[in-house]
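**Q**
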Amino acid sequence: MSEVVDLTLTLREGMTTFPVYWHPLVEISQLGRLHYEKRETRKLVLGTHSGTHMDAPRHFIVGGKTIDELDPALFVGDCVLLNMTDFGPFAEVSKADMERKLTGRTPERLMLRFDWSDQINSEEYYTDHPFLSEECAQYLVDVGVKVLAMDTPMPDNPRNGRTSDNDSPNHYILLGKDVILVEYVTNLRSLGNVDAFELIVLPLKIHEGDGAPVRCLGRTG
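First residue of the sequence shown? That's 877 in this note's numbering, and the numbers climb one at a time after it.
1) Taking just the CA atoms, how far does residue 1086 sit from residue 888?
2) Hey, could you find the ends of the beta strand (DSSP E) residue 1095 is sitting in?
3) I need the DSSP call for residue 997, collapsed to helix, strand or coil.
4) One question on the structure: do residue 958 and residue 977 come within less than 7 Å of each other, judged by their Cβ atoms?
5) Cβ atoms of residue 1046 and residue 1008: under 7 Å apart, would you say?
6) In angstroms with no decimal places, state the Cα-to-Cα distance between residue 963 and residue 981.
7) Assuming residue 990 and residue 960 form a contact by the criterion Cβ under 8 Å, report the distance between their Cβ atoms to the nearest whole angstrom.
8) Let me know if residue 1042 comes out buried or exposed under the rule of 16 or more other beta-carbons within 10 Å of its beta-carbon.
9) Using CA atoms only, rank isn't needed, just tell me which of 1052, 1050, 1023 and 993 is closest to residue 1066.
10) DSSP three-state label for residue 963, please.
11) Let me check understanding here. Comparing Cα to Cα, which of 1052, 966, 1080 and 1073 lies closest to residue 1097?
12) Tell whether a beta-carbon distance below 7 Å holds between residue 1032 and residue 1040.
13) Run through DSSP, which three-state label would residue 879 get?
14) Measure from the alpha carbon of residue 919 to the alpha carbon of each residue in 1063, 931 and 905, then state which is nearest.
15) Hey, quick one: how far does the beta strand (DSSP E) through residue 918 stretch, first residue to last?
16) Checking 7 Å against the spacing of the C-beta atoms, do residue 983 and residue 956 come in under that value?
17) Based on Cα-Cα distance, which residue from 895, 881, 885 and 891 lies nearest to residue 1038?
18) Residues bridged to residue 1083 by DSSP?
19) Is the Cβ-Cβ distance between residue 916 and residue 910 less than 7 Å?
And the structure:
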């Protein structure tokens, strides 16, 4: 019997968001009330990269595809799961490391499990997460990965931010070749000891969206 596992962070006020002004804090306020308007409704204020979310190429690439232009067939299908928990804080995953982990497989969808979502409420979540080398990112492009998901905030070295001399190179490498990124995944250990599963990752369809929050699910069995 198959099992569906929720791999999504719950959107809530005060949740961890990237600490820069262009990523707003999540706000949820009640409008309709059952005891007065006879129905309950809420207003949401959130960014296109709040919580578990998808990066469309437009996030970094001038003229890149937007969320509403992506092929939805990529959002559902077989996904290889790599256990990367042997890579600790601020560890770099090299091309050789990835070749060793993939063992010749060339997946269209790839999920990287570091169990880094355990650090979601700590400062280290953003400053010390494991990351891919640029050669590793290019290797994933070369072997045909179309969707790269991970339980870290991003595939880049956390030191390579907007104010660095090498701003987010892996975002440019991957999104520049239309590789969709899914970040802030959680709960991957609940998939159990499997090396593949069915990924279901559905973004909000936002007009000209550079990204979107997603409901990310994994089906096993």
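Every residue, glycine too, gets a C-beta built ideally from N, C-alpha and C.
**A** Straight from the coordinates:
1) Working through the sequence shown from its first residue, we reach residue 888 at position 12. Working through the sequence shown from its first residue, we reach residue 1086 at position 210. Within the model, the alpha-carbon separation for residue 888 versus residue 1086 is close to 22 Å.
2) Here residue 1095 is taken as the residue at index 219 of the sequence shown, counted from 1. That run of the beta strand (DSSP E) goes 1087-1096.
3) Indexing the sequence shown from 1 puts residue 997 at position 121. It is coil, neither helix nor strand.
4) Your numbering for residue 958 matches position 82 in the sequence shown. Your numbering for residue 977 matches position 101 in the sequence shown. Yes, the pair counts as a contact, with Cβ atoms nearer than the cut-off.
5) On the sequence shown, residue 1008 is found 132 positions in, with the first residue counted as 1. On the sequence shown, residue 1046 is found 170 positions in, with the first residue counted as 1. The answer is yes: Cβ separation under 7 Å.
6) As a working note, residue 963 is residue 87 in the sequence shown. As a working note, residue 981 is residue 105 in the sequence shown. Going by the C-alpha atoms only, they are around 20 Å apart.
7) Residue numbering aside, residue 990 sits at position 114 when the sequence shown is read from its first letter. Residue numbering aside, residue 960 sits at position 84 when the sequence shown is read from its first letter. That pair is a contact at about 5 Å.
8) Here residue 1042 is taken as the residue at index 166 of the sequence shown, counted from 1. That one is exposed.
9) Indexing the sequence shown from 1 puts residue 1066 at position 190. If we check each option's Cα against that of residue 1066, 993 comes out closest.
10) On the sequence shown, residue 963 is found 87 positions in, with the first residue counted as 1. Looking at residue 963 - three-state DSSP - the assignment turns out to be coil, as it is neither helix nor strand.
11) Residue 1097 sits at position 221 when you count from the first residue of the sequence shown. Of the candidates 1052, 966, 1080 and 1073, the one whose C-alpha sits nearest the C-alpha of residue 1097 is 1073.
12) By 1-based counting over the sequence shown, the position of residue 1032 is 156. By 1-based counting over the sequence shown, the position of residue 1040 is 164. Result no, Cβ atoms of residue 1032 and residue 1040 do not sit closer than 7 Å.
13) Position 3 of the sequence shown holds residue 879. Here residue 879 sits in strand by DSSP.
14) Here the question's residue 919 lines up with position 43 in the sequence shown. Measuring from the Cα of residue 919, the nearest candidate turns out to be 905.
15) Residue numbering aside, residue 918 sits at position 42 when the sequence shown is read from its first letter. 918-921 is the extent of the beta strand (DSSP E) around residue 918.
16) One-based indexing of the sequence shown puts residue 983 at position 107. One-based indexing of the sequence shown puts residue 956 at position 80. Yes, the pair counts as a contact, with Cβ atoms nearer than the cut-off.
17) To locate residue 1038, count along the sequence shown from 1; it is residue 162. Minimum Cα distance to residue 1038 is reached at 895.
18) Indexing the sequence shown from 1 puts residue 1083 at position 207. Residue 1083 is not bridged to any residue.
19) Translated into positions along the sequence shown, residue 916 becomes position 40. Translated into positions along the sequence shown, residue 910 becomes position 34. Result yes, Cβ atoms of residue 916 and residue 910 sit closer than 7 Å.
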